[in-house]
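Visitor:
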Amino acid sequence: MRSTEHMDKPEETFSGSGGSERALLEIKPAEPDQYDELLDMMKREAENYLESSLSALGMEMKEFARLFRTVGEVNVVYIENRLAGFFWVEKRENTLHIHGLALEKAFQGRGWEPESSNR
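Read left to right, the sequence shown gives residues 1 to 119 (this note's numbering).
(1) Using DSSP with H/G/I as helix, E/B as strand and the rest coil, what is Arg110?
(2) Is it buried or exposed for Ala56, if we count other Cβ within 10 angstroms and need 16 for buried?
(3) Judging by CA-CA distance, which residue of Ile79, Arg110, Thr95 and Asn75 is the nearest neighbour of Phe86?
(4) State the DSSP-derived secondary structure class of Ala65, mapped to helix, strand or coil.
(5) How would you label Ser116, buried or exposed, when you count the other beta carbons within 10 angstroms and need 16 or more for buried?
(6) Please name the residue in Arg44, Glu80, Gly100 and Leu83 whose C-alpha comes closest to that of Val89.
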């Protein structure tokens, strides 16, 4: 069963590479109707290695998709109310497993800085 324990995450701001552009960054738990879209994003971003990695594990994509929907938690990243990416994590005892991390190409290489950070 998927964990429902989510920390309330404050809204952050996003700083472009020049540091002058600012945009709202939000992180929210994935909604059930988003899983197919997020799985497609992961397939696109990992197209060079996902299939071969699953094959090495003896796992079919159907089983991987089931695990994606049921193990750990998936959080979606929005920048300026646009879907930017997601991260899939699972906590087992005192270990955090990062199962997946995907960011749309349009948002890669830009960095982000919380507005409240010390300068």
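No residue lacks a Cβ here, since even glycine has one placed at the ideal position from N, Cα and C.
All values derive from a computational prediction rather than experimental measurement.
Guide: Taking the geometry as given:
(1) In this structure, Arg110 counts as coil in the three-state DSSP scheme.
(2) Label assigned to Ala56: exposed.
(3) Selection Ile79, Arg110, Thr95 and Asn75 evaluated against Phe86 yields Asn75 as nearest (Cα-Cα).
(4) Helix at Ala65.
(5) The pLDDT assigned to Ser116 is 46, lower than 50, so where the model puts this residue is not dependable, and the model offers no usable value.
(6) When only C-alpha atoms are compared, the closest one is Gly100.
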